[in-house]
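Let me begin by presenting the structure, written as structure tokens, before commenting on it.
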Amino acid sequence: SPQRIVRSSGHSEAPKIAVDGNGAVHLVYGESPDGPLKQYHIRYAHSEAGKDDFSEPAEISGRHSEEFASVNIPYLDLDGRNNLYVLWEIFPDGGIRPRGLGLTYSMDGGRKFAPPVIVPGSLDPETGFSGSQQGLYMKKIAVNRNGDIVIVNSTFKANEASSIWLIRGRVSGTD
Numbered sequence: 004s005p006q007r008i009v010r011s012s013g014h015s016e017a018p019k020i021a022v023d024g025n026g027a028v029h030l031v032y033g034e035s036p037d038g039p040l041k042q043y044h045i046r047y048a049h050s051e052a053g054k055d056d057f058s059e060p061a062e063i064s065g066r067h068s069e070e071f072a073s074v075n076i077p078y079l080d081l082d083g084r085n086n087l088y089v090l091w092e093i094f095p096d097g098g099i100r101p102r103g104l105g106l107t108y109s110m111d112g113g114r115k116f117a118p119p120v121i122v123p124g125s126l127d128p129e130t131g132f133s134g135s136q137q138g139l140y141m142k143k144i145a146v147n148r149n150g151d152i153v154i155v156n157s158t159f160k161a162n163e164a165s166s167i168w169l170i171r172g173r174v175s176g177t178d
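Here the sequence shown is numbered in my numbering, starting from 4 and rising by one per residue.
Rendered as structure tokens:
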């Protein structure tokens with residue numbers, strides 16, 4: 004039967020889940036404590052293998068939640084060593100169109116996350132807004148068992164161009 008794992012007096016949306024090799028369930032989602040279309044941040048919770056309860060959700064978007072008008076719509080993937088990688092949309096000026104991507108990761112199963120970074124090249128105002136008209140909720144990050152990261156993003160600048168971007172990388176220190 005369904006189990007409520009988060010209850011908010013604000014607005015929670017865009018949940019993503021992943022199950023690691025030990026059977027733990029990891030959850031990320033966007034939350035605005037003040038309700039829909041206000042400032043969002045990214046939250047994380049997990050449930051250990053064989054348990055029904057989830058940890059208390061924690062904010063993981065850190066300074067991005069302070070530096071930008073909003074961050075929302077997370078994406079989640081795991082590598083072969085149960086390291087978590089969380090990507091999200093950045094809304095630098097508020098509104099409904101994101102214009103960049105933020106990233107953090109955890110090398111200890113979600114107990115601690117690295118300070119967030121801006122994905123290189125994703126915050127360029129010359130490329131237009133991110134996510135196209137419908138692509139915001141699609142999978143944008145893939146990580147293989149060795150920790151190689153691939154991010155795909157679309158951008159649209161009205162009356163000029165629509166582009167698909169592929170960004171490859173690796174978090175330093177994950178070898």
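Even for Gly, the Cβ is constructed at its ideal location relative to N, Cα and C.
- The Cβ atoms of Ile144 and Asp80 lie closer than 9 Å to each other.
- Taking all protein chains shown into account, Ala48 has 16 or more neighbouring C-beta atoms within 10 Å of its C-beta and is therefore buried.
- With three or more CB-CB distances shorter than 8 Å, the region 97-113 counts as touching the region 124-134.
- Here Arg84 is not bridged, per DSSP, to any residue.
- CA-CA distance, Met110 to Val31, rounds to 16 Å.
- If the five residues before and after Ser166 are omitted, its C-beta is found closer than 6 Å to the C-beta atoms of Thr158, all from its own chain and listed in chain order.
- Within 10 angstroms of the beta-carbon of Glu163 lie fewer than 16 other beta-carbons, which makes it exposed.
- For the region 47-117, the full-length beta strand (DSSP E) segments reaching 3 residues or more read 73-81, 87-94 and 104-109 along the chain.
- Runs of the beta strand (DSSP E) lying entirely within the region 123-151 and spanning at least 3 residues, in chain order: 144-146.
- Taking Glu69 as the centre and dropping the five residues before and after it, the same chain places no C-beta closer than 6 Å to its C-beta.
- Within the region 7-51, the complete beta strand (DSSP E) segments at least 3 residues long are 14-22, 28-35 and 44-50, listed from N- to C-terminus.
- Gly113 counts as buried, since no fewer than 16 other beta carbons sit within 10 angstroms of its beta carbon.
- Straight-line measurement puts the Cα of Ile170 at about 14 Å from the Cα of Ser133.
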